[in-house]
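Residue numbers (the working numbering): 0 to 676.
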């Protein structure tokens with residue numbers, strides 16, 4: 000993945016600059032305040048805790064619901080949280096969510112999951128950007144390096160921990176992340192952001208929005224250029240990257256009952272990576288630098304029609320294309336998606352929503368000696384339907400939600416994903432809820448058609464990992480209970496307890512060895528299968544305490560216990576079981592603090608604790624970030640940020656089956672300047 004361009008080597012090293020002045024570990028970052036329109040939209044900064052508990056979310060039921068009445072474990076990252084975080088990338092924003100496991104593998108790669116099963120391609124977490132799925136059908140999971148939404152354009156990020164298959168379909172097994180951007184009407188005016196640092200070496204965003212009659216629009220361009228991280232031996236790595244990203248959004252109202260949104264993105268870039276390359280004459284496994292070229296784009300249109308205050312429909316269509324040339328195989332993918340839904344009230348107690356969906360996706364791959372797919376090109380069609388009914392058992396107090404999704408996967412046929420949820424609100428400040436759900440993780444192209452050389456051995460011999468054409472869908476039955484409350488004016492809490500039971504989990508089986516005659520080669524074969532099952536359980540707690548009018552503290556904690564095993568008679572590689580359980584911490588904790596100072600200054604600090612990973616062993620670590628923001632004028636902001644202040648570098652993740660070598664995440668410091676007009 001991209002080798003660092005030569006120009007990056009000469010970028011100003013802010014970390015060194017700061018150390019020379021005795022400010023070791025303090026980073027400089029500018030806080031990019033959003034370009035507010037002439038009529039300023041609602042700012043969650045000014046809301047009370049009671050208002051925040053009544054934020055309307057859409058990811059749980061595909062319609063607006065008050066957060067206090069939702070029967071699901073939901074965490075909302077607001078634009079206020081984004082501004083206070085000092086983060087420049089979406090993965091770092093997600094660290095504040097209890098129950099999410101965010102681990103950076105190298106400078107451009109992350110492993111992110113909910114409630115266990117964390118991998119480079121965590122295949123039990125569905126991610127959406129304005130309703131467009133970014134889950135990869137080739138590997139499963141998300142290529143986080145190209146999900147480069149300008150953070151100033153995000154309205155909120157809704158994170159559901161727990162199954163979402165009843166609405167969103169396959170792969171929403173342990174969670175859904177829905178990134179929702181602002182309406183074009185909320186981004187009128189101009190915004191210019193520029194910054195530099197020891198890791199973020201020259202980055203910025205330019206955006207302009209306005210209106211023309213009955214439509215509002217915005218256009219943006221964004222660039223990032225990140226330096227490499229040191230490898231596990233402390234030597235300079237080659238995992239630096241750069242990305243140029245542009246896009247637009249147009250919102251219009253053709254009539255009083257219709258709204259139309261059209262938006263699109265284009266990006267291009269490259270990134271470096273170090274992979275293990277196996278050769279046989281002589282047999283050796285060496286780390287080599289590879290370059291990955293990245294490009295892609297999408298266009299989405301969404302039409303919403305209101306029949307009355309009791310009935311409305313939404314039709315969404317998008318096309319997405321991307322290309323990745325490495326670091327192992329090369330992939331080009333085209334996806335077309337069509338989604339229709341109808342929401343209506345039935346009588347005085349029932350609120351129904353139903354919908355139909357179709358998706359076509361096709362890929363073209365080019366393999367290498369390290370990794371290939373059989374067949375190299377493949378396309379598939381997906382059909383789905385869903386229905387959900389929210390029944391008011393007692394007005395404003397008890398709500399019952401039942402629903403299911405029927406969906407066929409690209410490989411394993413139709414699957415049913417039902418849910419039943421109940422929420423009880425004995426008062427306006429307390430909500431108890433419970434849910435039972437079933438969800439599925441469908442096989443990917445990797446699961447079915449992978450041919451990958453894991454290692455070359457003397458002999459000569461090789462270890463070969465193969466896909467399985469009879470791969471099955473994984474299933475979970477999840478049991479959840481939760482409590483959400485505002486016991487005092489200045490304190491809100493949210494707690495969840497869950498227990499999940501899994502079957503048909505992916506395993507790695509040891510097959511019989513075979514001998515290749517020309518050239519002579521002994522092949523130790525391993526293959527994917529579905530011979531694991533097990534349970535997970537845990538708790539997740541989040542709170543927000545407004546100590547006074549200037550100081551807010553937000554602590555969080557999560558506990559996770561996993562018990563995965565195979566049948567004694569199966570030929571399961573026990574190492575694969577250890578890896579599944581060993582890449583997930585048992586304990587995680589977060590603490591964020593925001594203080595409004597005088598003279599336009601504010602100070603943010605955050606600490607993130609992650610327990611040790613037992614297989615392979617990675618020590619527990621605590622990440623400390625801080626940000627000092629100065630509002631120089633009404634339209635100008637400068638911030639000073641440091642990240643990972645406690646250590647110069649540390650390792651967060653190292654899965655033996657990941658496609659790239661791990662690096663050590665290093666301390667960063669950067670400055671960022673934002674001007675809106």
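Yeah, the Cβ is synthetic: ideal placement off N, Cα and C, and Gly gets one too.
Are the segment 281 to 301 and the segment 256 to 268 touching by the rule of at least three beta carbon pairs closer than 8 Å? yes
Have a look at the DSSP bridge pairing and note the partners of residue 591. 553, 605
Three-state class that DSSP yields for residue 90 in the structure shown: helix
Option in 188, 226, 401, 623 with minimal Cα separation from residue 435: 401
Per the contact definition of three or more C-beta pairs closer than 8 Å, is the segment 484 to 498 in contact with the segment 397 to 412? no
Looking at the strands, I want to know which residues DSSP matches up with residue 336. 317, 358
Any idea if residue 471 is buried or exposed, counting beta-carbon neighbours within 10 angstroms, 16 or more meaning buried? buried
Tell me the start and end of each unbroken beta strand (DSSP E) in the segment 79 to 141 that is at least 3 residues and wholly inside, in chain order. 99 to 105, 108 to 113, 124 to 128
Cβ pair residue 687, residue 145 closer than 8 Å: Nothing can be reported for residue 687: it is not among the residues displayed for the chain, which extend from 0 to 676.
Beta strand (DSSP E) segment containing residue 192, residue limits: 188 to 196
Three-state class that DSSP yields for residue 642 in the structure shown: strand
Is the distance from the Cβ of residue 180 to the Cβ of residue 199 below 8 Å? no
Alpha carbon to alpha carbon, what distance is there between residue 619 and residue 551? 27 Å
List the endpoints of the continuous beta strand (DSSP E) containing residue 544. 520 to 545
Separation of residue 514 from residue 457, as counted between CA atoms: 14 Å
Do the CB positions of residue 474 and residue 446 come within less than 8 Å of each other? no
Can you look up residue 42 in the DSSP assignment and give me helix, strand or coil? Confidence is the limiting factor: at residue 42 the pLDDT is only 43, short of 50, which leaves the residue's position unreliable, though a coordinate-based value still follows. Three-state result, residue 42: coil.
How many Å lie between residue 141 and residue 134 at the Cα? 5 Å
Among 368, 405, 645, 282, which one has its Cα closest to the Cα of residue 326? 368
Residue-chain proximity (residue 652, chain C), Cβ-Cβ < 8 Å: The chain inventory of the structure shown lacks chain C, comprising one protein chain alone.
Whole-number beta carbon distance between residue 520 and residue 459, since they are thought to touch under 8 Å: 6 Å
When 500, 255, 339 are compared against residue 308, the one with the closest alpha-carbon: 255
Which of the three DSSP states is assigned to residue 157 in this structure? strand
Contacting residues, own chain, Cβ-Cβ under 7 Å from residue 676 (five flanking each side not counted): 188, 189, 634
Backbone CA spacing between residue 75 and residue 93 [nearest angstrom]: 10 Å
Within 10 Å of its beta-carbon, does residue 517 have 16 or more other beta-carbons around it, so buried, or fewer, so exposed? exposed
Is residue 150 helix, strand or coil when you go by DSSP? helix
Is the separation between the beta-carbon of residue 106 and that of residue 238 shorter than 8 Å? yes
Assign residue 488 to buried or exposed, taking buried as 16 or more other Cβ atoms, counted over all protein chains shown, within 10 Å of its Cβ. exposed
For residue 563, which option in 590, 418, 167, 575 has the closest C-alpha, if you only look at C-alpha atoms? 575
Ignore the nearest five residues each way along the sequence and tell me which others in residue 109's own chain have a CB closer than 6 Å to its CB. 90, 103, 143
Should residue 338 and residue 356 be called a contact, given that it needs their Cβ atoms to be closer than 8 Å? yes
Starting from the N-terminal side, write out each stretch of the beta strand (DSSP E) that is 3 residues or longer and does not extend beyond the segment 282 to 317. 282 to 307
Rounded to the nearest angstrom, what separates residue 20 and residue 462 at their Cα positions? With a pLDDT of only 36 at residue 20, under 50, the local geometry of the prediction cannot be trusted, and the value read off the model is given with reservation. Cα-Cα distance, rounded: 52 Å.
In the structure shown, what three-state DSSP assignment does residue 469 receive? coil
Might you give, ordered along the chain, the residues of its own chain that have their beta carbon closer than 8 Å to the beta carbon of residue 283, omitting 5 neighbours on each side? 277, 455
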